[in-house]
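All you need for my numbering is the position in the sequence shown, starting with 1, plus 2.
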Amino acid sequence: MSVAPARSATIEALCGDLSAIRAPHGTELNARSWASEAPLRMLLNNLDSAVAERPEDLVVYGGSGRAARSHDALKAIVGALLDLGEDETLLVQSGKPVAVFRTTRDAPRVLIANSLLVPRWATWDEFRRLEAEGLTMFGQMTAGSWIYIGTQGILQGTYQTFAAAGEKHFGTASLAGRTILTAGLGGMGGAQPLAATMAGAAILCVEVDPARIERRIATRYLDEAADSLDDALARVRRAAAEGRALSVGLCGNAADIVPELAGREEHFDFVTDQTAAHDPLTGYVPQGLSVAAADALRSSDPDEYLRRARASIVTHVEAMLEYARLGSHVFDYGNNLRGEAGDAGVTDAFSYPGFVPAYIRPLFCRGIGPFRWAALSGDPADIEVIDQTLRELFPDDELLQRWLELAPKLVEFQGLPARICWLGLGDRARAGAAINDLVRSGRVQAPVVIGRDHLDAGSVASPYRETEAMRDGSDAIADWPILNALVNVAAGATWVSVHHGGGVGIGNSIHAGMVVLADGTDDAAARLERVLTTDPGMGVVRHLDAGYEEAEAAAVEHGLNTPSYLA
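Written out as structure tokens, the structure reads:
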């Protein structure tokens, strides 16, 4: 299909050079409406070098989570979005645009399906075969759904988790004087050091890639880098003794460092991990290899690489189990580290809990989860206005108040200015209405997109993470994320996605995402009210169905119509 020369030039300017992609800023449209300009800007923002881990490979985060299947597919998506009408919908199949259909103005402008496989074929081997033939791609969660905002995207959730752990085990959300041991400073794990210090803790973060340590220091997510294990321990111990928050990075392999610390019985209050173990081929570096040597072995002998990676994961998990025996509060952070170890023969790998059943599920029962927005203007002042408005709107939410006080001081924006905070049913709709009013009044210069992580109350089925240990045993029921996507389409979200394998790897999860545009119009106000009610409402209903009293109370409070449960 030929492309008009002028349009071709625009596409090349926007995404011709993968090393120099940047989302357009300002109020001038490139597309035909803000409803298609919004996904265009957020797609390109995902591939901004300040945001993406490897933009030259279209990899946004999570080892191999891509925004588009190939460079040609990216250009085709951009071209389709530039031409998309206000009553048309673009269909994207695993990172490749396949059709545009006339729908309605209230329908989503983009519908995305990523990495989906028939269950019997949902294995890494089959996925990689299909990927190698150019037939699919791994979308992770927010990589292929175009709403990744950098490490901040997981930051408040990590902070919420650490605070909830403090409340549960020590009776306070403050972790002053407490210590944390973890590993992984990639796109997701990179949130850990700042989240821990925001909660008051002293944290030791092990990372095999020195470039990632440098990047986290440059973006102020990590305070310091230590020269040796003993140096790192001394810094963490001194900070904890003084009740001072501090994050220390140590370059090394977690499968070497964690066992050594456990063998020395070096106490930490909490032990967890956020290496990219969900994809052991691309996300976990085996013991004894540098990053460069790992890259070479991965290319030359992937089977040997996997054998060595899984052996290292076994060593890593056995050390975490030893920490649990030593009295530390050990929890899995949803990267399938336990699953890989269990598959390799560690029979008690699941004897320590995942973070959702341990700390987060009570929030999910009320529809509370990661709510985020990005300023399409590109101006940080727009985020400042929204921050202040939400502080005024929710004066009694102590964690939100502390977060919105600290985030502007501590969080560096990556790409388009954005913010995240955890809000639930009722409050999300109130926040959406307030943001839309700010755009309408001109206090915010351009439209704002509102979305979330796929890790949310009612949008994911993941037995090793979000739906682990459900009260009724429904961990693997995957109807819920599909219903979530369907109802968000019906409610008028601007784009909706359904993915497979995010967070914990192929075969282990199904999840859905949504983004809705606040452009200051009455039509947007109506869509925002619907979508920001249906989306968290699904979280309440999913947990009501599983028998959680907190969800029943939330359903009653918000007047949800639930025919099978409440009269």
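C-beta atoms are modelled at their ideal positions from N, C-alpha and C, and glycine is treated no differently.
Assuming Asp455 contacts Pro372 (C-beta within less than 8 Å), just tell me the rounded distance between them. 4 Å
Would DSSP call Gln403 helix, strand or coil? helix
CB-CB under 6 Å to Thr12, same chain, minus the five flanking residues each way: which ones, in chain order? none
With distances taken Cα to Cα, identify the nearest neighbour of Ala296 among Asp229, Arg214 and Val210. Val210
Suppose only complete runs of 3+ residues qualify. What are the beta strand (DSSP E) ranges in the stretch 296-340, listed by chain order? none
What span of residues does the beta strand (DSSP E) with Val489 cover, start to end? Careful: Val489 lies outside any beta strand (DSSP E), inside the alpha helix (DSSP H) at Asp481 to Ala493.
Could you tell me which of Val94, Gly192 and Leu46 sits nearest to Leu252, measuring between CA atoms? Gly192
Check for me: the alpha helix (DSSP H) holding Arg393 runs from which residue to which? Pro382 to Leu395
Within the stretch 85-144, note down every full alpha helix (DSSP H) run reaching 4 residues or more, in order along the chain. 126-134
Compute the beta-carbon to beta-carbon distance between Tyr354 and Thr163, rounded to the nearest angstrom, for a pair I have assumed lies under 8 Å. With a Cβ gap of about 15 Å, Tyr354 and Thr163 do not count as contacting.
Between Pro359 and Trp497, what straight-line distance do the alpha-carbon atoms span, to the nearest angstrom? 30 Å
If you count every other CB in all the chains shown that lies within 10 Å of the CB of Glu342, and 16 or more means buried, which is it? buried
Helix, strand or coil at Ile452 according to DSSP, with G and I counted as helix: strand
Which residue wins for smallest C-alpha separation from Thr153, given the options Glu407, Arg374, His318 and His513? Arg374
What separation, rounded to the nearest whole angstrom, lies between the Cα atoms of Asp481 and Gly179? 43 Å
Exposed or buried, what is Arg544 when buried is set at 16 or more other beta-carbons lying within 10 Å of its beta-carbon? buried
The ligand ZN heavy atoms versus the CB of Leu31: any closer than 7 Å? Among the components modelled here there is no ligand, and therefore nothing to report on the ligand ZN.
Ala448 beta carbon less than 8 Å from that of Ala420: no
Beta-carbon contacts of Ala70 that lie in its chain and below 7 Å, excluding the five residues immediately before and after: Leu60, Leu76, Ile79 and Gly97
On the DSSP bridge list, what partners appear for Ala377? Val450
Whole angstroms are fine: how far does the CA of Tyr335 sit from the CA of Gly329? 18 Å
By DSSP, does Arg421 sit in helix, in strand, or in coil? strand
Helix, strand or coil for Ile205 per DSSP? strand
Run of the beta strand (DSSP E) containing Met516, from where it starts to where it stops: Ile512 to Ala520
Is Tyr286 near Ala298, with beta carbons less than 8 Å apart? no
Within 10 angstroms of the Cβ of Pro397, are there 16 or more other Cβ atoms? Answer buried if so, exposed if not. exposed
Excluding five sequence neighbours on each side, which residues of the same chain lie with their C-beta closer than 6 Å to the C-beta of Asn563? none
With three or more C-beta pairs closer than 8 Å as the rule, is the stretch 428-442 touching the stretch 459-466? no
Starting from Glu226, follow its DSSP beta bridges and name the residues at the other end. Val250
Is it true that the stretch 523-537 meets the stretch 491-509, where meeting means three or more beta-carbon pairs spaced less than 8 Å apart? yes
Supposed close pair Gln289, Ala326 - CB separation, criterion 8 Å: Their Cβ separation, rounded to whole angstroms, is 22 Å, which puts Gln289 and Ala326 out of contact at 8 Å.
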